[in-house]
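Numbering (the UniProt record's numbering), first residue to last: 82 to 355. For each residue, glycine too, the CB sits at the ideal point set by N, CA and C. Model, not experiment: these values are computed from the prediction. Below you'll find the structure, written out as structure tokens, and then a few comments.
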Amino acid sequence: AAGLRRSIIDPVIRRLAVFGRYVTSKEVRDLLRAIEAGEMTPIYQPIMDASGRRIVGVEALVRWQRADASLVPPAQFIPLAEGAGLIARIGELVLRRACLDTRDWAALTVAINVSPMQIQSEGFAAGMLAILAELDFPPARLVVEITESALLGDDPVVHRQIAALRAAGIAIALDDFGTGFASLSYLRRFRFDELKIDKSFTDGVDSSTDAAAIVEATVSMALALGMKVVAEGVERVEQHRFLVSAGVHYMQGYLFGRPQRAAEITARLAAHPA
Ligand code: C2E
Ligand code: MG
Ligand code: MG
Ligand code: MG
């Protein structure tokens, strides 16, 4: 009886909760409308091998495509979506779209950003795997990017989600590496496949010996722990040259390609087959 009562009352409470936000915030109302109107869509940034010549994967980066075709960057709506409990819905839309858009890109990996709130929820891994199965997308081509803040508190729920994703063949990347704290202890407790060196370090590798030393240390630690390293935000040839000499495995940045629409990646792959 309690279960039945809950099944009747829960949806009502949830609707009221949404309604409460509905009347209190115009921004949330706009966001919800955009989600429902299908205005949330990913674009894709190439991830290159160390040489910078071959695309080995893409990172899906969400944009709010407004009716006038303008693209709103995630910094302007992700925090709001997280606060309003709408990030999981956006995450699902991005995942579904990315699976369909990238289906024919042969062996390219597809990296998806996941907010702490998503991976801290118990059904997350199962939900993601169900979507991949439904869309017939091979889990081995997917990379889930999480940030250090998702690991705070050493939450057993997060451990379980990561373990379930990895068991299914999905790779886990630690995004913005170096910007959080306690990273070293988390590296021992969680198993990651990749570390993504934050752009703030990449920025300095050709001008600051500190940044260069941090990148070198990150690479040797990653090698010892069996992880690959991706450098984010590579903009200059000098940076690329240093990163290659430091042993960084994969490169991502405007030097190789900005985030772009699926059709542009398709054209690029056709012009330069692997
Ligand atoms: P991120 O995951 O660290 O993504 C890398 C960001 O750096 C992207 O910004 C990308 O456009 C930018 N970037 C890449 N190379 C360069 C470069 O050479 N120079 C410069 N100046 N920037 C470069 P973007 O697309 O604005 O995304 C910002 C953040 O929003 C992402 O950072 C990620 O944390 C979050 N995000 C993006 N898409 C999603 C999503 O679908 N879900 C969630 N939860 N978060 C997302
Ligand atoms: Mg990322
Ligand atoms: Mg990043
Ligand atoms: Mg970053």
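{"query": "heavy atom of ligand 3 below 8 Å from E226 C-beta", "result": "yes"}
{"query": "Counterpart residues of E226 in DSSP-defined beta bridges", "result": "N194, A254"}
{"query": "Nearest-angstrom Cα separation, counted from H321 out to R102", "result": "Caution is warranted here: a pLDDT of 49 is assigned to R102, below 50, making its placement in the model unreliable, and the coordinate value is therefore given only provisionally. Looking at the two C-alpha atoms, the distance is approximately 46 Å."}
{"query": "Ordered list of beta strand (DSSP E) runs contained in the segment 135–168, each at least 3 residues", "result": "136–146"}
{"query": "Residue range of the unbroken alpha helix (DSSP H) whose run includes P237", "result": "237–248"}
{"query": "Own chain partners of V104 with C-beta closer than 7 Å, once the 5 adjacent residues on each side are dropped", "result": "Because V104 sits at a pLDDT of 44, beneath the cut-off of 50, its placement in the model cannot be relied upon, and the point is left open."}
{"query": "Inter-residue Cα distance where the pair is T299 and I227", "result": "17 Å"}
{"query": "Whole-angstrom distance between V195 and V325, CA atom to CA atom", "result": "28 Å"}
{"query": "Segment contact, 8 Å Cβ cut-off, at least three pairs: the segment 254–265 with the segment 237–244", "result": "no"}
{"query": "L350 to A343 span [Cα, whole Å]", "result": "11 Å"}
{"query": "Sequence-distant residues of the same chain with beta carbon closer than 7 Å to E345, five excluded per side", "result": "none"}
{"query": "Contact between the segment 153–170 and the segment 305–315 (3+ Cβ pairs under 8 Å)", "result": "no"}
{"query": "Neighbour-count burial assignment, K107, 16 or more Cβ in a 10 Å radius", "result": "exposed"}
{"query": "Residues proximal to ligand 3 by C-beta, any heavy atom closer than 6 Å", "result": "D256, D257, K277, E313"}
{"query": "Under the three-state DSSP convention, the category P340 falls into", "result": "coil"}
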